[in-house]
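Residue numbers (full-length UniProt numbering): 1 to 127. Think of the CB as a built atom: it goes at the ideal place given N, C-alpha and C, for glycine as much as any other residue.
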Amino acid sequence: NELKPNLLYGVFVLNQLKCSGTLEAVELMQRGYPSRIPYQTIHQRYKGYMPDFVQALEPAQFVEAIALAFGLSSADYQLGLHKIFLRAGKAMFLEELKDANIEEMVPIITEKIKFFERKKAARVVIE
Numbered sequence: 001n002e003l004k005p006n007l008l009y010g011v012f013v014l015n016q017l018k019c020s021g022t023l024e025a026v027e028l029m030q031r032g033y034p035s036r037i038p039y040q041t042i043h044q045r046y047k048g049y050m051p052d053f054v055q056a057l058e059p060a061q062f063v064e065a066i067a068l069a070f071g072l073s074s075a076d077y078q079l080g081l082h083k084i085f086l087r088a089g090k091a092m093f094l095e096e097l098k099d100a101n102i103e104e105m106v107p108i109i110t111e112k113i114k115f116f117e118r119k120k121a122a123r124v125v126i127e
């Protein structure tokens, strides 16, 4: 365990990369999910554009409902514990959200939320 310039111990470096989450981040980027955005960030930034019933959703549900309402397929994103991981160029739906006519989006978002609830109920029945 000597400290010398340009002297690296592979085992220690690999352990640091694992513990810091760097390897998982690189793996996600290699799979094509370069954009990572915390749910809380999206929820706080965009909830003001949404009707009350959407604002009341948990941040993860809020983000997924909005993503699906704006036409993102499940292949365009992955949901983590605290972040949404988006394929290259797919984060543009957030800019579209700011410019969208909220009255037109409410029925779409409502239907998506109802779909989530049915899907969640079906999972409980299956399990």
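Check your understanding: By how many angstroms is the C-alpha of Val-13 removed from the C-alpha of Phe-53?
Key -> Locating residue 53 in the sequence shown gives position 53, counting from the first residue. Locating residue 13 in the sequence shown gives position 13, counting from the first residue. Going from the Cα of Phe-53 to the Cα of Val-13 covers about 47 Å.
Review point. Who are the Cβ neighbours of Arg-36 in its own chain at under 6 Å, not counting the five residues just before and after it?
Key: Your numbering for residue 36 matches position 36 in the sequence shown. Same-chain partners within the cutoff: Lys-83, Phe-85.
Check your understanding: Considering Pro-39, what are the terminal residues of the alpha helix (DSSP H) in which it resides?
Key -> For the purposes of this step, residue 39 is identified with residue 39 of the sequence shown, where counting begins at 1. For the sequence presented, residue 39 should be read as Tyr rather than Pro. Taken as a continuous stretch (DSSP letters only), the alpha helix (DSSP H) holding Tyr-39 covers 39-46.
Check your understanding: Since Arg-36 sits in a beta bridge, which residues does DSSP pair it with?
Key -> On the sequence shown, residue 36 is found 36 positions in, with the first residue counted as 1. Answer is Phe-85.
Point to revise | Span of the beta strand (DSSP E), counted from its first residue to its last, around residue 144 | key: Limits of the chain in this structure are 1 at one end and 127 at the other, which puts residue 144 out of reach.
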